[in-house]
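Here's the structure we're looking at; comments come further down.
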Amino acid sequence: MNQTLFQSWKRSVPKLDFILQKMQEKTIIAVGVAPYPRIIPSLFLKNYIIYSVKDTADLDVLRSSAKVFCLEEKFPKVAKKVHSTGYLLRNYAFQAFLKSRRMPFRLMFYQPTPPIIKTLQEQNIEWIGNYPESFQDVFLKANFRSLVKSLGLPHLDDWYLPREDFLKMNYQDVYARWSRPAVIQRGDFDVSGEQGTFFIRNENDWKSAYEILSKDERYSQIQISPFITGPSLSMLGCITHLGVLTSTLQLQLIDVPEALHGQLPTGVFLGHDWGFRSWNEKIEKTAQTIVESVGEHLAKKGFKGIFGIDIIYDEKSQEIFPLECNPRFTGALPVYSLMVAASGHIPTMEFFHIMSHLNIQENFDFNLVNEKLKERLPISHISLTPKGAYEMKIAFSSGVYSYSAANNALRYERPGAFLWDIKEESEFIMIDSMPRLGGPIIQNVPRLFKLIFPRSIAMSSFSVDPKVGELITKLSALLRKGQTPPQETKEETTHTEET
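Numbering (the working numbering), first residue to last: 14 to 512.
What follows is the structure, given as structure tokens:
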């Protein structure tokens, strides 16, 4: 660990050296589809390994700061068959990797499922993660809304219907409920991407949503809420033995047209902007109260470490309402933690997450850490969507880039994965699951790769600065240049991010 960072962190964590020693008694192996979201612990742990499924352009730059093993790199045929982390655990290639470890190890998962836990127990493997029963009553949207009401927290009106009753309805039935547009989601089945949330603003929106939902037989309940005009927000929490740490309230980027590039605008999450803030301190405090209350409830259920809550801010009434809980690492990471690390004052949330799961109950300055976690820098990130790009035809390297609007020129500057690799405010990083040249691009996932900026880019949750929009449009067009849909439609393997 960098000595300057070590001394700075030690001000808030007096026994930092002892805690790090305890964390590193066994190697921690973070397991998942992509490597970049798991990069932060490499900043403070020597005995830390990332095991990823996908072979991406990220590997070249990430290996300069972390130990990364990749299944697809050595066993491409095996990697194509991996549709979940549970399948990976039972695969011979991964088993061979585990047997080759000379030091004792722990596997770390972001959201273990019952099949994963069963396999781990059968193989007597030590692991870091939360049992599903600890987050069962927040996992589904309908359950979370019920919890919010029972805790006496601000909540939206909602309307629940059995699937068969919903399918008998029309647009006028939905609009008449609140005399305003509505939001439709499955209440008892979680679907991410462009088919998870439907904004019903007009008859055409209704027809698109109805067509998708009428064909889907996986759910039995529909959740409908009034459409709120205002920014989409989120806040991270981290349950520790001293209480619930909370992040700053952060703007979410949703349905930005340039990034969607033709994909349906159905609440697709694309990124965050920590430099944007249109709400006052009272709203920040209310959000903190919401996250702390939910965190205290989860702690009683045995949940430990990081979770996130999505929030909507009603600009008209100046109220906020929690919408859903993500009992895992969220899309704010690792960029939020890069921002915290760049400030250099306190450990990142991943540090306290691991500390909590390993039951290391040493004191730290909770109030100072909680205060510093809310410091914001003008950092932002936004992802591009894959729809219409079927094969990677550009030899992009992950790293730092610059873009000249005057010359319409995109230029690779240097390798880089962290904010401190950026030298100029006009530069940005392209990273996180960027496909290699010639590699296939999976269509049924919400995000392709991301751009990280050392500045604020948002005009609202749904729009970005025109210059940034121009850059994103150029990249989106480049990715789709010369693309033709596959002649034969084959069932694609979707990597389920169970971690």
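Even for Gly, the Cβ is constructed at its ideal location relative to N, Cα and C. Computed from a predicted structure; not experimentally measured.
Within a 10 Å sphere around the beta-carbon of ASP30 sit fewer than 16 other beta-carbons, which makes this residue exposed. Take the alpha-carbon of PHE431 and the one of SER410: they are about 15 Å apart.
Shown here, TYR326 sits in a strand according to DSSP, grouped into three states. Rounded to whole angstroms, the gap between the alpha carbons of ASP323 and PRO459 is 17 Å. The region 193-213 and the region 230-243 touch, with three or more beta-carbon pairs separated by less than 8 Å. Taking 9 Å as the cut-off, the beta carbon of PRO167 is found closer than this to the beta carbon of PHE334. Here SER356 has LYS385, GLU388 and LEU390 as same chain residues with Cβ atoms under 8 Å from its own Cβ, once five neighbours each way along the sequence are excluded. Excluding the 5 residues flanking it on each side, TYR416 has same chain C-beta neighbours closer than 6 Å at LEU423 and LEU484, in chain order. Straight-line measurement puts the Cα of GLY209 at about 27 Å from the Cα of GLY165. In its chain, beyond the 5 residues on either side, VAL46, LEU84, GLU85, ALA92, VAL95, LEU101 and HIS508 have a beta carbon closer than 7 Å to the beta carbon of VAL66. Per DSSP, reduced to three states, the secondary structure at TRP140 is strand. Proximity to GLY318 across PHE342, LYS298 and SER306 peaks at PHE342, based on C-alpha coordinates. Unbroken alpha helix (DSSP H) runs of no fewer than 4 residues, entirely contained in the region 260-298, are found at 270-273, following chain order.
Counting other Cβ atoms within 10 Å of its Cβ, ASN15 stays below 16 and is therefore classed as exposed. For MET472 and ALA109, the gap between their C-alpha atoms comes out near 50 Å. In terms of Cβ geometry, TYR326 and SER369 do not form a close pair [threshold 9 Å]. For ILE485, the enclosing alpha helix (DSSP H) stretches over residues 479-493. Between PHE148 and PRO453 the beta-carbon gap is near 33 Å, outside 8 Å, which marks them as no contact. Rounded to the nearest angstrom, the Cβ distance from GLY451 to GLU404 is 7 Å, consistent with a contact under 8 Å. In the DSSP assignment, ILE225 falls within the alpha helix (DSSP H) that extends over 216-228. By the CB criterion at 9 Å, LEU273 and LEU346 fall outside the cutoff. Residue burial annotation: ASN372 is exposed, with fewer than 16 other C-beta atoms found within 10 angstroms of its C-beta. DSSP places GLN500 outside both helix and strand once states are collapsed to three, so it counts as coil. Going by beta carbons, PHE122 and ILE141 fall inside the 9 Å limit. Of all alpha-carbon atoms in SER306, LEU491, ASP268 and TRP287, the one lying nearest the alpha-carbon of THR279 is that of ASP268. Exposure of ALA419 is indicated by the presence of fewer than 16 other C-beta atoms within 10 angstroms of its C-beta. By the criterion of a C-beta distance shorter than 8 Å, ASP73 is surrounded in its chain by SER410, SER411 and PRO428, once the five residues flanking it on both sides are discounted. Residue pairing from DSSP places TYR425 in a beta bridge opposite TYR414. At a cut-off of 4 residues, the continuous stretches assigned as alpha helix (DSSP H) that sit fully inside the region 314-365 are 348-356.
In the three-state reduction of the DSSP assignment, SER476 falls in the strand class. DSSP, reduced to helix, strand and coil, places LEU180 outside both helices and strands of the structure shown, so it counts as coil. Per DSSP, reduced to three states, the secondary structure at GLU38 is coil, with no helix or strand assignment.
The C-beta distance from ILE52 to LEU75 rounds to 6 Å, short enough to fall under 8 Å. The beta carbon of GLN331 is closer than 6 Å to none in its chain, skipping five residues each way along the sequence.
Counting of Cβ neighbours within 10 angstroms places ARG193 among the exposed residues, the total staying below 16. For SER192, no alpha helix (DSSP H) run applies, since DSSP gives it neither H nor E.
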